[in-house]
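In mature numbering (1 follows the signal peptide of the UniProt record, and there is no 0), the protein residues as written are -25 to -1, 1 to 261.
The structure is reproduced here in structure tokens:
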């Protein structure tokens, strides 16, 4: 009986290894599935097509960009294994860091960092902090955005205010660009936006940012990262990361980075997101 049981155990182990091998083989054969949202990359259809084709050529493998409206939708696809990687915010990365792995962190002005900007209409020359905006209409970008949601709410709590009752009204625009537009057009009296996005728009659409004023900037945070699910095949992870990190050394890669107003990508480290983690630990999540 013991011999029979041992034989069955060996057969089951072999079967498990075979099934695992088939799953890994199937994953390796499928396209790289990369998730994106308009929260960060808005009105970039032409660029995304060119970048997708660039990655396919350098990986010698199909790449599918999948777009969803919110960070939460993209994060859920990652967590359920429907994506290999995604460009998300540091906020959901910190929240789900046990299930995700840093793939690459963009370099903006030479650093893997960015800030949250509090913006107001250009005519508002009085506002100096979010605490000056009691009873106003305020625009957020996405409830899973660090710069466009968490930062201003943490700042209000730090100064003793309840962000749920502080403003007359709040709303989500679902993209940082649309926060800028809402403030510029007078739909909102203030908003929180990714500083990188505002700075990039100041070059590409100066008439838009010119209708706003940066009233306050936050401490630096780790730039919104590209992440992979933790169980992604190691070779797929290595190849995709390698192509991203090598973009500055390739003429076409440099042109794509210039269109993003980025200098390149770095491997990054979790310590970059310690500021976000500290804010979440100190003030909790609502």
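Where a beta carbon is used, it is the ideal one built from N, C-alpha and C, also for glycine. Nothing here was measured: the structure is a model prediction, and the numbers come from that model.
Measure the alpha-carbon distance for residue 159 versus residue 183 and round it to whole angstroms. 7 angstroms
Assuming residue 10 and residue 53 form a contact by the criterion Cβ under 8 angstroms, report the distance between their Cβ atoms to the nearest whole angstrom. 7 angstroms
By Cβ distance, which residues of its chain are closer than 7 angstroms to residue 68, with the 5 residues on each side in sequence left out? 75, 200, 202 and 248
Roughly how many angstroms separate the alpha carbons of residue 149 and residue 62, rounded to a whole number? 15 angstroms
Start-end ranges of the beta strand (DSSP E) lying completely within the segment 147 to 199, minimum 3 residues: 165 to 169 and 187 to 192
Which runs of the beta strand (DSSP E), 3 residues or longer, sit entirely within the segment 58 to 143? 60 to 62, 75 to 82, 91 to 96 and 112 to 115
Going by C-alpha distance, which of 106, 185 and 92 is nearest residue 131? 106
Residue 39 (DSSP reduced to helix, strand or coil): strand
If you draw a straight line from the alpha carbon of residue 103 to that of residue 6, how long is it in whole angstroms? 48 angstroms
Close Cβ partners of residue 229 (< 8 angstroms) along its chain, the five nearest in sequence each way excluded: 222 and 223
Cβ pair residue 240, residue 164 closer than 9 angstroms: no
Helix, strand or coil for residue -9? Go by DSSP, reduced to three states. Low confidence applies to residue -9: its pLDDT is 46, below 50, so where it sits in the model is not reliable enough to give any reading.
Between the C-alpha atoms of residue 231 and residue 22, what's the straight-line distance to the nearest angstrom? 8 angstroms
Go through its chain and collect everything with a Cβ distance to residue 99's Cβ below 7 angstroms, but skip five positions before and after it. 188
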